[in-house]
Amino acid sequence: MRVLAIETSCDDTGAAVVLDGRKILSNVVSSQIPIHQKYGGVVPELASRRHIESIVPIVAEALETAKVTLREIDGIAVTQGPGLVGSLLVGLSFAKSLSFATGLPLVGVNHVEAHLCAIFLEEKPPRFPFVGLVVSGGHTSLFRVDGFGKYKRLGQTRDDAAGEAFDKVAKLLGLGYPGGPIIDELSRAGNSKAIRFPRASLGKDSLDFSFSGLKTAVVNYVKSHPQPMEGYPENLIRDIVSSFQEAVVEVLVRKTLRAAQHQGFKRIVLSGGVAANRRLRERMKEEASEEKIKVYIPSPSFCTDNAAMVGVVGYEYLKRGIRSPLSLNAFSNLPL
Ligand code: KG4
Ligand code: ZN
0 MRVLAIETSC DDTGAAVVLD GRKILSNVVS SQIPIHQKYG GVVPELASRR HIESIVPIVA
60 EALETAKVTL REIDGIAVTQ GPGLVGSLLV GLSFAKSLSF ATGLPLVGVN HVEAHLCAIF
120 LEEKPPRFPF VGLVVSGGHT SLFRVDGFGK YKRLGQTRDD AAGEAFDKVA KLLGLGYPGG
180 PIIDELSRAG NSKAIRFPRA SLGKDSLDFS FSGLKTAVVN YVKSHPQPME GYPENLIRDI
240 VSSFQEAVVE VLVRKTLRAA QHQGFKRIVL SGGVAANRRL RERMKEEASE EKIKVYIPSP
300 SFCTDNAAMV GVVGYEYLKR GIRSPLSLNA FSNLPL
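Here the sequence shown stands for residues 0 to 335, where the numbers follow numbering that gives the first Met the number 0.
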């Protein structure tokens with residue numbers, strides 16, 4: 000089964016053709032970073048306008064790269080939420096129109112579920128069940144995953160998402176957008192022990208997260224160390240972001256391992272944009288191996304927003320005969 004998948008939940012216009020939910024025939028992502036960069040974050044109105052301009056050429060490119068025509072597609076999968084509603088509506092309206100015009104079956108996909116299932120695009124995916132961490136610009140949640148469509152949320156952030164914290168700290172320090180990859184890169188040469196930023200525990204057994212206190216601690220540090228006219232020296236910037244990153248990573252690792260212990264599972268899956276983070280990938284693997292837990296992490300390009308992961312989930316539902324009606328709507332807070 001060849002699924003045409005469409006993803007427009009935030010600021011990336013994505014289209015992919017995925018064979019049997021596993022093999023990528025094409026996976027095109029058009030990033031809007033240059034548009035939002037000067038504002039230091041995604042401007043929703045600009046994002047949806049750009050999706051409108053990109054959706055037709057990006058879908059055409061996905062079909063062309065996969066060397067298939069619409070006649071060779073068996074179904075359409077589209078992100079229905081959560082995300083920016085104006086952005087979601089562009090992909091959704093396009094997918095519904097295409098389904099109506101071609102008669103192809105349509106299925107709406109939850110973006111968080113798509114992140115969790117991106118690991119099935121890899122050569123050696125995990126067996127079920129596993130503990131899944133979704134850590135992105137909009138989400139920081141832990142799930143028990145017993146199969147496709149079988150998810151139990153174990154914990155989530157009470158305030159900012161981890162990626163949001165990365166982006167805000169980078170903005171505060173004037174480093175650019177999106178902050179995650181910039182901080183990841185700068186941290187390589189920084190001292191992660193230079194500043195002891197807080198790690199929110201929220202109780203001995205809690206699987207919830209909180210990053211707003213950490214963000215405030217970075218703001219306070221910056222306020223109490225006024226910048227000289229010429230700006231902070233590069234080594235201080237590196238130490239600040241490296242210490243900040245270490246605090247985020249430590250909490251993510253600790254709680255994910257705790258969730259695996261609570262469930263008695265020996266498999267952990269990381270997903271979402273922040274799962275592209277070098278230090279998180281490294282430290283999660285190190286600490287999990289001490290407990291004989293295997294960690295599965297998609298390649299960085301499958302961690303950040305893409306349509307192939309939507310194709311994985313879409314395939315699982317389409318093959319079970321699950322269809323969405325043309326009245327399908329977008330929901331910014333669609334739960335999983
Ligand atoms: O999954 P994603 O592409 O979009 C959402 O669904 O939110 O995640 C984007 C987030 C941004 O906050 C970005 O700064 C963060 O993921 N991110 C990273 C890295 N790459 C992307 N954070 C830390 N380290 C990275 N290497
Ligand atoms: Zn995402």
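Yeah, the Cβ is synthetic: ideal placement off N, Cα and C, and Gly gets one too.
Which residues does DSSP list as the beta-bridge partners of residue i?
i    : result
T68  : DSSP, once it has assigned bridges, lists no residue as partnering T68.
K149 : G146
Q155 : S140
L132 : L141 and L269
N109 : G80
Starting from residue i and walking both ways along the alpha helix (DSSP H), at which residues does that stretch end?
i    : result
R322 : Careful: R322 lies outside any alpha helix (DSSP H) and carries neither H nor E.
Y220 : S211 to S223
G90  : V84 to T101
F165 : A161 to L171
P180 : G178 to S186
Would you kindly report the start and end of the unbroken beta strand (DSSP E) that includes residue i?
i    : result
G74  : G74 to G80
F22  : Contrary to the premise, residue 22 reads as Lys rather than Phe in this sequence. Where K22 is concerned, the enclosing beta strand (DSSP E) stretches over K22 to S30.
A4   : R1 to E6
C201 : The displayed chain sequence assigns Leu, not Cys, to residue 201. Premise fails: L201 is in no beta strand (DSSP E) and is neither H nor E.
L18  : D11 to L18
L206 : Taken as a continuous stretch (DSSP letters only), L206 belongs to no beta strand (DSSP E), as it is neither H nor E.
Taking 7 Å as the line, does the beta carbon of residue i fall inside it for any heavy atom of the ligand KG4?
i    : result
P297 : no
E163 : yes
T156 : no
G136 : yes
G173 : no
G179 : yes
N109 : no
N332 : no
D166 : yes
D183 : yes
N26  : no
A275 : yes
Could you tell me whether any non-hydrogen atom of the ligand ZN is closer than 7 Å to the CB of residue i?
i    : result
H114 : yes
G271 : yes
D304 : yes
S86  : no
S30  : no
S8   : yes
Any beta-carbon of chain D closer than 8 Å to the one on residue i?
i    : result
G313 : Absent from the structure is chain D; it holds one protein chain and no more.
Problem - Cβ pair count under 8 Å reaching 3, the segment 260-274 against the segment 159-168 - result: yes
Problem - Given 8 Å, three or more beta-carbon pairs between the segment 252-266 and the segment 91-100 - result: no
Handout entry: Contact the segment 30-47 vs the segment 171-183: 3+ CB pairs below 8 Å
Key = yes
Handout entry: Validate contact between the segment 311-322 and the segment 84-95 using beta carbons, cut 8 Å, 3 pairs
Key = no
Handout entry: Three CB pairs or more closer than 8 Å across the segment 244-263 and the segment 106-120
Key = no
Practice task
Pick out the complete beta strand (DSSP E) segments inside the segment 217-305, 3 residues or longer, and give them in chain order.
Solution key: 266-270 and 293-295
Practice task
May I ask you to verify whether the segment 2-12 touches the segment 69-83, counting CB pairs closer than 8 Å and requiring at least 3?
Solution key: yes
Practice task
Would you check if the segment 144-154 and the segment 185-198 touch, i.e. whether three or more CB-CB distances between them fall below 8 Å?
Solution key: no
Problem - Sufficient close CB pairs (3 or more, under 8 Å) joining the segment 277-296 to the segment 314-324 - result: no
Exercise for the section: Count the CB pairs spanning the segment 60-68 and the segment 13-26 that are closer than 8 Å, and state whether there are at least three. Expected result: yes
Practice task
Please confirm if the segment 44-59 is in contact with the segment 79-91, defined as three or more CB-CB distances below 8 Å between the two stretches.
Solution key: yes
Practice task
Spell out a yes or no on whether the segment 293-309 and the segment 119-129 are touching, meaning 3 or more CB-CB pairs, one atom from each, closer than 8 Å.
Solution key: yes
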